[in-house]
Amino acid sequence: MGYDEAVRLMADDAAQAGWTIVSDTGWDGYETIPRWIMAGYTWILDEAASAWGPSPPDVVVVQAGVGSFAGAVAGWLDLTYGPERPRLVVVEAHGSACVAASLAAGRRVTLEEVAPTTMAGLCCGEVSQTAWPALAGCVDACVTVSDADAADAVRRLGQATGGDPIVAAGPSGAAGVAGLVVLVADPTLASTRAALGLTRTARVLVFNTEGPIDR
């Protein structure tokens, strides 16, 4: 059972028992609480904005499972900066790129299956209905990463150099860094880098959303 099937099972159980669901993924008839949660996610952007000064970063990289956190980031950037917003890159796990598939189709699509991954928080085959409008309107590029890419990003964050602080991350949390590394290192993505304005002097904001895990 993947994440999406688990959500459906939870919704069925909640309907039978009269429970209230608290989830950031939304569907028909269940949108208010996901919107509240997405609004809460935007506080991270308020904190980041207080640190980056008068000029925002050039590129923002955010990981996506069902897309609710990424959608919150997209909505905040669009509301705050409009057409002058930073370029937005969504990172997904190989085999679970439901955001990329939906953007390519121009509508929400469901993946027939998702591949096992250490990035458990990103192992999702359906984009949240609540997040989709913001993603559809604001995402500039999508990148997929492997488990090996995520492991390398965890290592990079845990062995910081040059005076940077050490960040203890899990693979889902480090996926944004993994996506950035892939984006700058893959020669086949040169046109994407150019479209994003991702040069050596570009300022990039990446989020870590998971601490160390022990499987």
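Residues in the sequence shown are numbered consecutively from 0, following numbering that gives the first Met the number 0.
Glycine included, every Cβ here is placed at the ideal spot set by N, Cα and C.
Residue range of the unbroken beta strand (DSSP E) whose run includes residue i
{"i": "R86", "result": "R86 to A92"}
{"i": "A140", "result": "A140 to V144"}
{"i": "L204", "result": "V203 to V205"}
Cβ-based neighbour list, residue i, same chain, cut-off 7 Å, excluding 5 preceding and 5 following
{"i": "E125", "result": "D3, V65, C97 and T109"}
{"i": "G120", "result": "G64, S171 and E209"}
{"i": "D142", "result": "Note that residue 142 corresponds to Val in the displayed sequence, not to Asp. For V142, where only same-chain residues beyond five positions count, the Cβ hits under 7 Å are V88, V90, G178, V181 and L182."}
{"i": "T117", "result": "D146, A149 and P170"}
Where residue i sits in the DSSP three-state scheme
{"i": "T41", "result": "helix"}
{"i": "V166", "result": "coil"}
{"i": "V126", "result": "coil"}
{"i": "T109", "result": "strand"}
{"i": "V59", "result": "strand"}
{"i": "G210", "result": "coil"}
{"i": "G64", "result": "coil"}
{"i": "S54", "result": "coil"}
Where the alpha helix (DSSP H) through residue i begins and ends
{"i": "V98", "result": "C97 to A104"}
{"i": "Q15", "result": "Y2 to A16"}
{"i": "V217", "result": "The structure shown has nothing for residue 217, since the chain only spans 0 to 214."}
{"i": "W26", "result": "Unbroken run through W26: none, as it is neither H nor E."}
{"i": "T191", "result": "A189 to L195"}
{"i": "P132", "result": "W131 to C137"}
Same chain only: Cβ atoms within 8 Å of residue i, ignoring 5 sequence neighbours per side
{"i": "R293", "result": "Here the chain comprises residues numbered 0 to 214, so residue 293 is not present and cannot be evaluated."}
{"i": "G74", "result": "M37, T41, A133 and C137"}
{"i": "D27", "result": "Q128"}
{"i": "V21", "result": "I32 and I36"}
Inter-residue Cα distance where the pair is residue i and residue j
{"i": "V176", "j": "A194", "result": "19 Å"}
{"i": "A104", "j": "A135", "result": "10 Å"}
{"i": "G52", "j": "A189", "result": "29 Å"}
{"i": "T79", "j": "A71", "result": "12 Å"}
{"i": "R192", "j": "T19", "result": "44 Å"}
{"i": "L77", "j": "P115", "result": "Note that residue 77 is Asp in the sequence shown, not Leu. Straight-line Cα distance between these residues: approximately 33 Å."}
{"i": "G169", "j": "G94", "result": "19 Å"}
{"i": "A140", "j": "W131", "result": "15 Å"}
{"i": "A99", "j": "Q62", "result": "12 Å"}
{"i": "M9", "j": "E83", "result": "40 Å"}
{"i": "D163", "j": "S49", "result": "19 Å"}
{"i": "A5", "j": "P211", "result": "23 Å"}
{"i": "T160", "j": "V144", "result": "23 Å"}
Neighbourhood of residue i by C-beta distance below 6 Å, restricted to the same chain and skipping five residues each side
{"i": "V166", "result": "L156 and N207"}
{"i": "T31", "result": "none"}
beta-carbon residue i near the ligand HEM non-hydrogen atom, thresh 7 Å
{"i": "Y40", "result": "The ligand HEM is absent from the structure shown, which contains no ligands of any kind."}
Using a Cβ distance threshold of 8 Å, determine whether the stretch 44 to 62 contacts the stretch 194 to 210, with at least three qualifying pairs required.
yes
Would the stretch 44 to 51 count as touching the stretch 133 to 148 if we require 3 or more Cβ pairs under 8 Å?
no
When you compare the stretch 102 to 118 with the stretch 6 to 17, are there three or more beta-carbon pairs, one atom per stretch, that lie closer than 8 Å?
no
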